[in-house]
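Numbering (the working numbering), first residue to last: 1 to 388.
Ideal Cβ positions, reconstructed from N, Cα and C, are used throughout, including at glycine.
Here the structure comes first, spelled out in structure tokens, and everything after it is commentary.
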Amino acid sequence: MFDKTDVLIAGAGPVGLMLAAELRRDGVKARVTDAHDERVFFVKALGVTARTLEIFEDLGIARDAIDAGVWITGADTFQDGALAFSAEVLRAGLPYGALSLAQFETERILEAALARNGGHVEYGATLVDFTESGDVIDARIQDACGESRTVRCRWLVGCDGARSTVRRQLNVAYEGDQYPQTFMLADVDVDWDLPRGRMYRFNVSGEGGAAATTLAALPVRGSARRYRLSMVLLPDDAARHGLNSTPDFNEIERIMLPILPKGTRLSSMRWSSVYRVSHRIAQHYARGRVFLAGDAAHIHPPVGGQGMNTGLQDAHNLAWKLTLAARGVAHEALLDSYEAERRPVGARCRRIDEPRVEHGPRARRNQARDARDATARGLSRQQSDRHG
Ligand SMILES: Cc1cc2nc3c(=O)[nH]c(=O)nc-3n(C[C@H](O)[C@H](O)[C@H](O)COP(=O)(O)OP(=O)(O)OC[C@H]3O[C@@H](n4cnc5c(N)ncnc54)[C@H](O)[C@@H]3O)c2cc1C
């Protein structure tokens, strides 16, 4: 005897949770497993776009998200200490704008929606491998003690992140590369004279002896002064701090304060991290009855804030198609449209969200232009991204 379900979802990050919550709401037998023993509380994604808020509304959680977040009212770019460019989030007549919402809050809200729809996350349950035969898939799930069981499903969805087991077993190429830059982030309280609610970017061109770099600040709910600061590390600092290290507060101050406005004070660091960023896209989003969504299918630099949003919109696109196929009211060929519609969106995000820090005499002009373009793109996408 097997455990049976219609849809098995591997991975309960934001994308797996979104898919599970929508499927359960629509009456589909869906289960979601996660390798972790419990939810992890990293902030990671912060930017939630207007389009994502629309799909949250469809799930009845837009209000919860807004209550837990901070509206972004605009973005200011400083070039070598002087204000170079400002953009506003224009919301006249629009229900939603750009929201800053910590990823663990997004996950908490989605998990609560899943629970309201009668589902729950099976934690400590790792998808190890699967076999497909006819119109069923047998997935082997291992618990924390190494015990295995088989879950038989009609469709399997890999929402299991960038190192996706599902994608690897499908032998689908994950095309792309890692950027050469090393990034550092810190969640801290920031005391300065700048108004709350705006994103800030501080570019250093490298003229006059200082090394070229860029630092972004995004408000986070928590205290009235809490921000996520993230920056491109200079080569010496990148060498000093290994990847995935957690620099202490003194290091964060030493490296970041010289880039921030004079007189800025930092305190109350919650976490820090040093990381590299990749841009990759799966050659296929689907093979037979198996699908990939979220980071399992595409990863982008956090600069454009599109990683999680694009993944949530993958889940939203796949959910209604799986629902109709599971109910038998649509031909399964409908599911082919998932890759046809969503892969071009992932490919587009991968092309345009490219981080760049240049050195030398042209850096100042190019940094200002890049910041203006990225800000305008990011903010307009917050409002006009309508890819189903
Ligand atoms: C520093 C940083 C900042 C970011 N900022 C932004 C931002 O501002 N905006 C934005 O949109 N995106 C941002 N992102 C990207 C965003 O965090 C990811 O795109 C998002 O987490 C992807 O969600 P996911 O559900 O696809 O995958 P994940 O969040 O990676 O979740 C995958 C889940 O699968 C589980 N899992 C893995 N293997 C298995 C297995 N074999 N069986 C069962 N479970 C498994 C894992 O435990 C995990 O819980 C940022 C990322 C980082 C690192």
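Output needed for Ser223: all residues of its chain with C-beta closer than 6 Å, excluding positions within five of it in sequence on either side, in chain order.
Asp189
My output table needs one value for Gln169: the three-state DSSP class, helix, strand or coil.
helix
Taking the beta strand (DSSP E) that Asp187 falls in, what are its first and last residues?
174-191
Please report the distance separating the alpha-carbon of Val220 from that of Val329.
44 Å
Alpha carbon to alpha carbon, how far is Leu83 from Asn203?
10 Å
When the Cβ atoms of the stretch 140-154 are set against those of the stretch 191-205, are three or more pairs found closer than 8 Å?
no
In chain order, what residues of the same chain have a beta carbon less than 8 Å from the beta carbon of Phe78, not counting five sequence neighbours either side?
Ala84, Tyr200, Arg201, Phe202, Asn203, Pro261
With DSSP as the reference, label Thr126 as helix, strand or coil.
strand
Does the beta carbon of Leu94 sit closer than 8 Å to a beta carbon anywhere in chain C?
No chain C appears in the structure shown, which is made up of a single protein chain.
Would you mind working out which of Asp37, Leu229, His298 sits nearest Met269, comparing C-alpha positions?
Leu229
Does the Cβ-Cβ distance between Ala315 and Leu19 come in under 8 Å?
yes
Go through the stretch 38-98 residue by residue and report every complete run of the beta strand (DSSP E) that reaches 3 residues or more, in order.
70-72, 74-79, 82-88
Cβ contact (3+ pairs, closer than 8 Å) linking the stretch 46-60 and the stretch 89-100
yes
Could you tell me whether any non-hydrogen atom of ligand 2 is closer than 7 Å to the CB of Leu53?
Absent from the structure shown: ligand 2. Ligands present: ligand 1.
Could you tell me the distance, in whole angstroms, from the CA atom of Trp271 to the CA atom of Met184?
11 Å
For the putative contact between Gly176 and Arg348, defined by C-beta atoms under 8 Å, what is the C-beta separation to the nearest angstrom?
That pair is no contact at about 14 Å.
Check: Ala35 C-beta below 7 Å from any heavy atom of ligand 1:
yes
Span separating the alpha-carbon of Ala173 from that of Val290
15 Å
Taking only three categories from DSSP, how would you classify Pro261?
coil
Just grab the DSSP bridge partners of His279 for me.
Asp177
Under the three-state DSSP convention, the category Arg377 falls into
Reliability of the predicted coordinates at Arg377 is poor, the pLDDT of 48 falling under 50, and the value obtained from them is presented with this limitation in mind. Arg377: helix per DSSP, three-state reduction.
Can you tell me where the beta strand (DSSP E) with Pro219 in it begins and where it stops?
213-219
Look at the Cβ atom of Gly119, then the Cβ atom of Arg24, and state whether they are nearer than 8 Å.
yes
Rounded C-beta distance between Ala325 and Leu334? I'm assuming under 8 Å.
6 Å
For the 8 Å Cβ check, are there 3 or more pairs between the stretch 29-37 and the stretch 120-138?
yes
From what residue to what residue does the beta strand (DSSP E) around Lys4 run?
3-10
Cβ pair Val166, Leu110 closer than 8 Å
no
Got a sec? Which residues, its chain only, sit under 6 Å from Phe249 by beta carbon, not counting five neighbours each side?
Met269
Roughly how far, in whole angstroms, is the beta-carbon of Ala30 from the beta-carbon of Val15, given that I think they are within contact range, below 8 Å?
In fact, because the Cβ distance is near 13 Å, the residues do not count as touching under 8 Å.
In whole angstroms, give me the CA-to-CA distance for Ala216 and Met231.
6 Å
Taking 7 Å as the limit between beta carbons, can you name the residues of its chain near Phe130, skipping five residues before and five after?
Ile137, Asp138, Ala139, Arg140, Leu156, Gln169
Please classify Leu447: does DSSP put it in a helix, a strand, or coil?
Residue 447 cannot be examined here, being either before or after the span of the chain that is shown, 1 to 388.
DSSP on Arg31, reduced to helix/strand/coil?
strand
Taking Cβ to Cβ, would you say Ala21 is nearer than 8 Å to Asn117?
yes
So, Gly11 versus Asp236, is the Cβ gap smaller than 8 Å?
no
Could you say which of Ala211, Arg225, Ile252 lies nearest to Leu234 if we only look at CA atoms?
Ala211
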